[in-house]
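Colleague:
Protein chains: 2
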Amino acid sequence: MSHMVYACLMAVDPDHVLRSAAALLTRKSTATMDEVAKAAGISRATLHRLFAGRDALVRALESLGIAECEAALDAARLDEGTASEAVRRLVRAIEPAAGLLAFLYTENQLFEGEEQNPGWTRIDDRISALFRRGQLSGEFRIDLTPAWLTEALYGLLASGAWMVHSGKGAPKDFQHMIVELLLGGALRREES
Amino acid sequence: MSHMVYACLMAVDPDHVLRSAAALLTRKSTATMDEVAKAAGISRATLHRLFAGRDALVRALESLGIAECEAALDAARLDEGTASEAVRRLVRAIEPAAGLLAFLYTENQLFEGEEQNPGWTRIDDRISALFRRGQLSGEFRIDLTPAWLTEALYGLLASGAWMVHSGKGAPKDFQHMIVELLLGGALRREES
DNA sequence: ACCATATGAGACATTGATGTCTCACACGGG
DNA sequence: CCCGTGTGAGACATCAATGTCTCATATGGT
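As you go down the protein sequences, you meet chains A and B in turn.
Start counting the first sequence at -4; every next residue gets the next number (the working numbering).
Start counting the second sequence at -4; every next residue gets the next number (the working numbering).
Listed below in structure tokens is the structure:
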């Protein structure tokens, strides 16, 4: 049957290309398509066959980031245990994606005016719901809105990723730094 | 005396141009020189006479950001009162510059590899010293390093500026949101 | 009134990234 | 063994932003 699709095994792995691009753009957000291709070990032509342009590549990275984020949200089981424990699990689960998230966070302001991917809203809502749950259970203070706590978490994740990336902090401290500051703050707790 | 410098009063105000550029680039970090010029109410030619190129403009904005930051540090009198009060004053004083800071923060990774302005180190040191003072006085916990607290403050300032800019938060809540989270954390304090 | 100076408008070349194309080649299945 | 398919390499046009230039004009001091 001449019309059959011959699944030639020479095909490059789009996911691997995407991961390479994410790793590169996380460090150098202005990297060229050429640099992205080289980083992935493929030619610019092939890269362009996979993603119809830089825009499409960024969109694909956005989808990847959203998917990883939602996977982390699932893995963290935000509904189980105390809200504090859930936040702790969330930060731990989201750590591998923090660099990509930070990149997309800055890149997103390029899309200002355009419609934004509804995935971000879903993620915002789930995290906000977690903080709201903590407030309703009496764990979290109520003078800070869930929206702000969510935004603050993003900022701290970016700062944490930056600390690790710049070598000023160890990856093993990532979760502790973020969670302790987000939940406990800088003030020394009274000895209870 | 024909060699005298005739101070023609037609000269545009470089500082006003810089402020306009800061205001624009804070919202749209990819604005072109043409847009920057229009935003400042001058022609592209004049803009180019004031700043020899986009690079020079960004450098000038960096200097402006550093100057505003250091002015805020001075105004906050970090050595007076408790460290908490000093942090509160600092966030309040630095609020007008937060947008510019966020822009420079993302733009700085473009300069990676090159030498960075020593002003940032000075600022980092002064803020770190404040947190260290709080730790030595027993106000702040000691398991979070001053470097991390400083970086976290930057992240929260960026998040706060984003909240205000996107309309999701009121400017009047800026200081409260940041300071309360940075110092107190999300956890509800025990009734003392 | 005159003139020096700064500005605005626009033309122009340059640069860098991008998108598109062709062609040679290597691989793998038939 | 042969051929189809995907890939790499590179040429090429395009486009946007930039940097540089000239010239007319307005302004303000003398």
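The C-beta atom is built at its ideal place from N, Cα and C for all residues, glycine as well.
1. From B:R127 to B:A67, what distance separates their C-alpha atoms?
2. Using C-beta distances below 7 Å, list every residue in its chain close to A:L151, excluding the 5 sequence neighbours before and after it, in chain order.
3. Going along chain A, which residues have a C-beta under 7 Å from B:A16?
4. Measuring only the C-alpha atoms, how far is B:S38 from B:G60?
5. Using the Cα positions of B:E185 and A:Q170, report the straight-line distance between them to the nearest angstrom.
6. Leaving out the 5 sequence neighbours to the left and right, which residues in its chain are closer than 6 Å to A:R84 when beta-carbon positions are compared?
7. On the CB-based measure, 16 or more other CB atoms within 10 Å of its CB, does B:G162 come out buried or exposed?
8. If you draw a straight line from the C-alpha of A:R136 to the C-alpha of B:R183, how long is it?
9. Pull up the distance between the alpha-carbon of A:P141 and that of A:V82, whole angstroms please.
10. In three-state DSSP terms, what is A:L182?
11. Just checking: is the beta-carbon of A:S123 within a distance shorter than 8 Å of some beta-carbon in chain B?
12. Based on the DSSP output, what are the partners of B:F135 in its beta bridges?
13. For B:V7 and B:N103, what's the separation of their Cα atoms in angstroms?
14. Return the chain-ordered list of same chain residues with a C-beta closer than 6 Å to the C-beta of B:L99, the five sequence neighbours on each side being excluded.
15. If the cut is a Cβ gap below 7 Å, which residues of chain B does A:T116 touch?
16. Within the continuous alpha helix (DSSP H) that includes A:Q170, where are the two ends?
17. For a test of your reading of the model: does the CB of B:F169 fall under 7 Å from any non-hydrogen atom of the ligand SAH? Yes or no.
18. To which residues of the same chain is A:M158 closer than 6 Å at the C-beta, ignoring the five residues directly before and after it?
19. Span of the alpha helix (DSSP H) holding B:K188?
20. Starting from B:D10, trace the alpha helix (DSSP H) both ways and give me its first and last residue.
21. Within 10 angstroms of the Cβ of A:L131, are there 16 or more other Cβ atoms? Answer buried if so, exposed if not.
Modeller: Reading it off the structure:
1. 19 Å
2. I173, L176, L177
3. Going along chain A, no residue has its Cβ under 7 Å from B:A16, so there is no contact; the nearest lies around 17 Å.
4. 24 Å
5. 24 Å
6. A71
7. exposed
8. 4 Å
9. 13 Å
10. strand
11. no
12. A:L182
13. 28 Å
14. E57, G60
15. The contacting residues do not exist; A:T116 stays about 12 Å from chain B at best.
16. 169 to 174
17. Of the ligands one can find in the structure shown there are none, so the ligand SAH has no counterpart to examine.
18. G164
19. Any question about residue 188 of chain B goes unanswered here, given that chain B covers just -4 to 187.
20. 9 to 22
21. exposed
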